[in-house]
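S.K.:
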Amino acid sequence: MTLLDVQNLTIAYHTTGGPVVAVDDISFSLEKGRSMGIVGESGCGKTTIGMSLLGLLPENGYVRGGQILFDGKDLLGLSRKELQAFRWKKISMIFQAAMNALNPVQRVGDQIAEAIRIHNPELSEPRIREQVAELYDLVDIPGTRIHDYPHQYSGGMKQRAVIAMALSCHPDLIIADEPTTALDVIVQAQILHKIKEIQERLGIAAIFISHDIGVVAEVCHDIAVMYAGKIIEYGQREEVFVSPVHPYTSMLLSSYLTIDGVFDLHAETVDHVCTFSSERLPGTCGYADSCPYADDLCASEQPGWREISPTHKALCRKACW
Ligand SMILES: Nc1ncnc2c1ncn2[C@@H]1O[C@H](COP(=O)(O)OP(=O)(O)O)[C@@H](O)[C@H]1O
Ligand SMILES: [Mg+2]
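Residue numbers for the sequence shown, in our numbering: 1 to 321.
Next up, the structure:
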């Protein structure tokens with residue numbers, strides 16, 4: 001059953017240089033309990049999508065067009081108050097760099113208790129404490145650490161605490177924005193598998209956002225590859241990783257091929273910065289300038305979607321398979 005249905009979503013930011021389109025006509029849907037990865041280099045629009053789903057775009061950001069349906073409800077039509085009631089209880093987000101935003105002078109357990117209290121004012125204090133303990137158990141932090149301060153936690157534990165906070169209102173969808181970027185490789189894998197395990201155990205849908213294709217390869221059912229504000233390839237994990245058809249996806253994946261041709265999911269990545277959103281000419285392929293296969297038409301014509309299978313498609317004239 002479809003939980004989230006995003007259609008033709010376009011988001012722009014007002015800037016002193018005029019409006020900048022950060023997310024350009026994207027569509028995708030997510031079934032209940034399923035996980036999806038959004039991958040692409042810095043600046044391609046990933047966080048903007050996540051924030052729009054929570055109704056938390058910055059003040060200068062605005063939805064220019066499209067539709068976000070969650071459980072059949074039009075999120076863009078909700079009032080601020082309705083959205084507040086919705087946020088965290090239905091959709092919650094692990095923000096980029098959230099673990100560094102834990103309050104350093106408040107005990108971690110108290111911060112999680114506060115999150116529960118704010119959204120569930122009807123709960124008694126003993127019940128809130130019980131829920132904090134349950135959440136610690138869920139994310140595998142020993143209960144003895146509930147009264148510690150953030151500086152007493154390792155990076156991995158801080159990130160687990162942030163995950164616990166995001167789960168505190170039992171959401172149907174959790175969005176994890178670069179959940180492992182600040183962690184070392186071994187801890188990255190542990191955290192990813194922890195989120196995936198919890199998500200599957202509780203039947204929560206998940207969107208993993210990362211610049212690192214290895215991260216989404218490891219944990220997601222479906223993958224959306226983004227470039228310059230657009231989804232340029234979309235498919236099931238095996239389709240995108242085993243048979244990518246967009247030249248940009250192939251380029252991203254080539255950094256993960258080892259000598260035996262096996263994906264090295266933990267390879268170091270260079271986080272390229274995407275600078276195309278404001279410069280791209282309308283009606284051209286945003287990747288044409290960098291694409292080894294581009295011809296004159298690519299630079300003058302907007303590509304359409306090419307369907308490779310009922311679940312796999314690419315926005316490219318040259319997509320080959
Ligand atoms: N508050 C803002 N004001 C203006 N431009 C912004 C703002 N936030 C993001 N952008 C621009 O929108 C684009 C997408 O940003 P973002 O969604 O943060 O990308 P990502 O998460 O993929 O790195 C970038 O070009 C970025 O510079
Ligand atoms: Mg981001």
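Glycine included, every Cβ here is placed at the ideal spot set by N, Cα and C.
On a predicted model such as this, the values are computed, not experimentally measured, just so you know.
#1: Using C-beta distances below 6 Å, list every residue in its chain close to residue 271, excluding the 5 sequence neighbours before and after it, in chain order.
#2: Under a three-way DSSP split, which group does residue 118 fall into?
#3: Roughly how many angstroms separate the alpha carbons of residue 120 and residue 99, rounded to a whole number?
#4: Taking a contact to mean a Cβ-Cβ separation below 8 Å, would you say residue 219 touches residue 208 in this structure?
#5: What would DSSP say about residue 23, mapped onto helix, strand or coil?
#6: In the DSSP output, what is residue 225 paired with across the bridge?
#7: Look at the alpha carbon of residue 285 and the alpha carbon of residue 64, and state the distance between them as a whole number of angstroms.
#8: Report, in whole angstroms, the separation of the C-beta atoms of residue 77 and residue 11, which I expect to be a contact under 8 Å.
#9: Would the beta-carbon of residue 102 fall within 8 Å of that of residue 32?
#10: Determine, using beta carbons only, whether residue 318 and residue 305 come nearer to each other than 8 Å.
#11: Less than 8 Å between C-beta atoms, sequence neighbours within five positions excluded: which residues of the same chain meet that for residue 171?
#12: For residue 160, I'd like the list of residues in its chain whose CB is within less than 6 Å of its CB, leaving aside the five on either flank, ordered along the chain.
#13: Leaving out five residues before and five after residue 70 in sequence, what residues of the same chain have Cβ atoms less than 6 Å from its Cβ?
#14: When we look at the beta-carbon of residue 104 and count the other beta-carbons within 10 Å, is it buried (16 or more) or exposed?
#15: Which complete alpha helix (DSSP H) runs does the region 145-212 hold, if anything under 4 residues is left out?
#16: What's the C-alpha gap between residue 178 and residue 227?
#17: How would you label residue 73, buried or exposed, when you count the other beta carbons within 10 angstroms and need 16 or more for buried?
#18: Taking DSSP's pairing of strands, which residues face residue 28 in a bridge?
#19: Helix, strand or coil: which one does DSSP assign to residue 107?
#20: From residue 274 to residue 180, what distance separates their C-alpha atoms?
#21: Just to check my reading of the structure: residue 246 and residue 233 have Cβ atoms closer than 8 Å, yes? What is that Cβ distance to the nearest angstrom?
#22: What do you reckon, is the C-beta of residue 313 under 7 Å from a heavy atom of ligand 4?
#23: Might you give, ordered along the chain, the residues of its own chain that have their beta carbon closer than 7 Å to the beta carbon of residue 147, omitting 5 neighbours on each side?
#24: Write down the C-beta distance between residue 52 and residue 68 rounded to the nearest angstrom, noting that I regard them as a contact closer than 8 Å.
#25: Secondary structure at residue 277, three-state DSSP: helix, strand or coil?
#26: Can the beta-carbon of residue 248 be found closer than 8 Å to that of residue 293?
M.R.: Judging by the given coordinates:
#1: What you label residue 271 is simply residue 271 of the sequence shown in a count that begins at 1. Its pLDDT being 43, under 50, residue 271 is placed unreliably in this model, and the value from its coordinates should be taken loosely. Once the five neighbours on either side are set aside, the close Cβ partners of residue 271 are 42 and 211.
#2: Here the question's residue 118 lines up with position 118 in the sequence shown. The answer is helix: DSSP assigns residue 118 an H, G or I state.
#3: Counting from 1 along the sequence shown, the entry for residue 120 is found at position 120. Counting from 1 along the sequence shown, the entry for residue 99 is found at position 99. One C-alpha to the other measures close to 23 Å.
#4: What you label residue 219 is simply residue 219 of the sequence shown in a count that begins at 1. What you label residue 208 is simply residue 208 of the sequence shown in a count that begins at 1. In this structure, residue 219 lies near residue 208, with their beta-carbon atoms less than 8 Å apart.
#5: Position 23 of the sequence shown holds residue 23. For residue 23, the secondary structure class from DSSP, reduced to helix, strand or coil, is strand.
#6: The residue you call residue 225 lines up with position 225 of the sequence shown. 39 and 233, per the DSSP bridge assignment.
#7: If you number the sequence shown from 1, residue 285 lands on position 285. If you number the sequence shown from 1, residue 64 lands on position 64. In this structure, the CA atom of residue 285 is about 21 Å from the CA atom of residue 64.
#8: Mapped onto the sequence shown, residue 77 falls at position 77. Mapped onto the sequence shown, residue 11 falls at position 11. Between residue 77 and residue 11 a beta carbon distance of about 16 Å is seen, past the 8 Å cut, so the two are scored as non-contacting.
#9: For the purposes of this step, residue 102 is taken as residue 102 along the sequence shown, with counting starting at 1. For the purposes of this step, residue 32 is taken as residue 32 along the sequence shown, with counting starting at 1. No, the pair does not count as a contact, with Cβ atoms beyond the cut-off.
#10: On the sequence shown, residue 318 is found 318 positions in, with the first residue counted as 1. On the sequence shown, residue 305 is found 305 positions in, with the first residue counted as 1. It is not a contact, given that the beta carbons lie outside the stated cut-off.
#11: Along the sequence shown, read from residue 1 onward, the residue named residue 171 stands at position 171. Once the five neighbours on either side are set aside, the close Cβ partners of residue 171 are 88, 89, 90, 91, 92 and 204.
#12: Within the sequence shown, residue 160 is the residue found at index 160, counting from 1. Excluding residues within five positions, the ones whose Cβ falls inside 6 Å are 139 and 141.
#13: The residue labelled residue 70 in the question sits at position 70 within the sequence shown. Excluding residues within five positions, the ones whose Cβ falls inside 6 Å are 4.
#14: Start at 1 with the first residue of the sequence shown, and residue 104 comes out as number 104. Residue 104 is exposed by the Cβ-count criterion.
#15: Runs found: 155-167 and 185-202.
#16: If you number the sequence shown from 1, residue 178 lands on position 178. If you number the sequence shown from 1, residue 227 lands on position 227. Between residue 178 and residue 227, the C-alpha separation is close to 17 Å.
#17: The count along the sequence shown starts at 1 and reaches residue 73 at position 73. Exposed, because fewer than 16 other Cβ atoms sit within 10 Å of the Cβ of residue 73.
#18: As a working note, residue 28 is residue 28 in the sequence shown. According to DSSP, which records beta bridges pairwise, residue 28 is partnered with 6.
#19: Residue mapping note: residue 107 aligns to position 107 of the sequence shown, counting from 1. DSSP places residue 107 in coil when its eight states are reduced to three.
#20: Along the sequence shown, read from residue 1 onward, the residue named residue 274 stands at position 274. Along the sequence shown, read from residue 1 onward, the residue named residue 180 stands at position 180. Its pLDDT being 41, under 50, residue 274 is placed unreliably by the model, and the measurement read from it follows with that caveat. Roughly 20 Å separates the two Cα atoms.
#21: Taking the first residue of the sequence shown as position 1, residue 246 is located at position 246. Taking the first residue of the sequence shown as position 1, residue 233 is located at position 233. Their Cβ separation, rounded to whole angstroms, is 4 Å, which keeps residue 246 and residue 233 in contact under 8 Å.
#22: This structure simply doesn't include ligand 4; it includes ligand 1 and ligand 2 instead.
#23: Stepping through the sequence shown from its first residue, residue 147 is reached at position 147. Cβ neighbours of residue 147 beyond the five flanking positions: 107 and 109.
#24: Residue mapping note: residue 52 aligns to position 52 of the sequence shown, counting from 1. Residue mapping note: residue 68 aligns to position 68 of the sequence shown, counting from 1. So it is a contact: roughly 7 Å between Cβ atoms.
#25: What you label residue 277 is simply residue 277 of the sequence shown in a count that begins at 1. Any reading at residue 277 is ruled out, since the residue's pLDDT is 40, under 50, leaving its predicted position unreliable.
#26: Your numbering for residue 248 matches position 248 in the sequence shown. Your numbering for residue 293 matches position 293 in the sequence shown. Not closer than 8 Å, so no.
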